[in-house]
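Residue numbers (the numbering used here): 20 to 509.
Note that CB positions come from ideal geometry on N, CA and C, so glycine has one too.
All figures in this text were calculated on a predicted structure; none of them were measured in a lab.
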């Protein structure tokens, strides 16, 4: 039997929560097929199966939190199949319901859970703790339900009426959970801060529908509490930072001078990571980059590129390409800081900061130095789309060696970035603005209007000094200013 363990989703992540099992005991699983959705303080990610075989046992139920490398499931591989068949034939006589699958081939035998009356089957409590309200029950569970007169009725309660706040806030994972169970926000009473709908709120309603219990009533108006802000009457305005208070998401109860804004698990994780990061001595280097030729090259190529590839061409892949090339010339920045010293990395894995609801994550573009601008653009667009729907992969995180932060889309001109430790460097790309600059010509200096982008490099001063940082940023600047219509996209 092969054991599946909890993966580590990022250097600073020590544990994970089982969000949803995508397979149930008895199901066949292909290698690298999504097996389970894991929730951490930073991200939700689908974990692929490291083995091919039959999921024999789920060791950790949904909602449970376990440390990295803890065993969470058992998969019976092809190497175990022969032994399992032999042991099954040597087993004592069983009831007729159990003897029936014994006549089939081994894979089907494994794929059909035994009825609850057989004490030797895969653990029923784990299966019962699966996604509440789902219709993905095995034949044994359906048979058991049909044979239990008090419970097996055809009159399941209907979904709650749509009388709650339809614009209640929630995370992408909770929104996806609603879609999976054909529910709407208006049917769920949010108990989180400011009326936010939590995963537990949804599961309570789903479980009530499944078991026939009373469905939690949704009030006709958003809940009001004397010590908490009421649910927001409308979504946060476009352009506001998700998860942070704004005039439409934070309100003070009458007579209150203050209100506590609860932190999400992601925000708590960010706070812990930033506290660790600021223990590193930061130094900063800033330069102005003339992107006249870069803008011209991108503008001339973007229409044909979008028609051919179906996605837009942004400035980010150009910057990531410049960073990857510069890191090869400045290898002490493509590294991690350890207690033993600087751990230089051969592979150039560039993290790209992506804003999501309630926080910021840094998925990694692996081997960025081997990708073309098109390859980088596809990889960045892919991870951005998956970020929008919360569909991350385990390989999206961990192993980053340097970070690029596109703060400029928010209109910033000078941001002092915090290192993504244990990395020793991070660079921002700020907003492109037109500025007067002095140009040298054969006839003397002239003043011209040029598009300029500030770039700020954050340096771990334990690993590198300001001179090394200036050399790295100078190489990035030189690559970007050399881009022209002849620069290959593919």
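Three-state class that DSSP yields for residue i in the structure shown
i, result
"residue 200", "coil"
"residue 459", "strand"
"residue 98", "helix"
"residue 337", "helix"
"residue 354", "strand"
"residue 193", "helix"
"residue 85", "strand"
"residue 427", "helix"
"residue 373", "strand"
"residue 433", "coil"
"residue 438", "coil"
"residue 467", "strand"
"residue 321", "helix"
C-alpha gap between residue i and residue j, whole angstroms
i, j, result
"residue 106", "residue 482", "Confidence at residue 106 is low in this model, with a pLDDT of 47, below 50, so its placement is unreliable and the value that follows should be read with caution. Roughly 59 Å separates the two Cα atoms."
"residue 360", "residue 282", "35 Å"
"residue 98", "residue 46", "17 Å"
"residue 522", "residue 284", "Any property of residue 522 remains undetermined from this structure, which presents the chain solely from 20 to 509."
"residue 32", "residue 50", "25 Å"
"residue 476", "residue 346", "13 Å"
"residue 403", "residue 411", "10 Å"
"residue 249", "residue 206", "Legend: pLDDT at residue 249 = 37, less than 50; position of this residue unreliable, no value from coordinates given."
"residue 384", "residue 503", "24 Å"
"residue 344", "residue 279", "47 Å"
"residue 83", "residue 393", "41 Å"
"residue 453", "residue 430", "13 Å"
"residue 34", "residue 85", "6 Å"
"residue 432", "residue 473", "6 Å"
"residue 40", "residue 414", "19 Å"
"residue 425", "residue 419", "16 Å"
"residue 66", "residue 27", "10 Å"
"residue 437", "residue 390", "27 Å"
"residue 210", "residue 64", "25 Å"
"residue 445", "residue 315", "27 Å"
Opening and closing residue of the alpha helix (DSSP H) in which residue i lies
i, result
"residue 396", "392 to 408"
"residue 20", "Per DSSP, residue 20 belongs to no alpha helix (DSSP H) and is neither H nor E."
"residue 91", "Careful: residue 91 lies outside any alpha helix (DSSP H), inside the beta strand (DSSP E) at 90 to 95."
"residue 285", "284 to 296"
"residue 43", "Taken as a continuous stretch (DSSP letters only), residue 43 belongs to no alpha helix (DSSP H), as it is neither H nor E."
"residue 491", "485 to 500"
"residue 301", "First-last for residue 301: 301 to 309, but that is the beta strand (DSSP E), not the alpha helix (DSSP H)."
Where the beta strand (DSSP E) through residue i begins and ends
i, result
"residue 421", "421 to 424"
"residue 365", "Note, residue 365: premise wrong, no beta strand (DSSP E); not H, not E."
"residue 230", "Counting along the chain, residue 230 falls outside any beta strand (DSSP E), though it belongs to the alpha helix (DSSP H) covering 218 to 230."
"residue 329", "It is not in any beta strand (DSSP E) - residue 329 carries neither H nor E in the DSSP assignment."
"residue 379", "378 to 380"
"residue 76", "72 to 77"
"residue 64", "63 to 67"
"residue 54", "53 to 58"
Does the pairing of the stretch 329 to 348 with the stretch 388 to 405 give three or more beta-carbon distances under 8 Å?
yes
Three or more beta-carbon pairs under 8 Å between the stretch 500 to 507 and the stretch 464 to 483, yes or no?
no
Segment contact, 8 Å Cβ cut-off, at least three pairs: the stretch 460 to 471 with the stretch 292 to 305:
no
Whether or not the stretch 302 to 313 and the stretch 484 to 498 are in contact is what I'm after, with contact meaning three or more pairs of Cβ atoms, one per stretch, closer than 8 Å; do they touch?
yes
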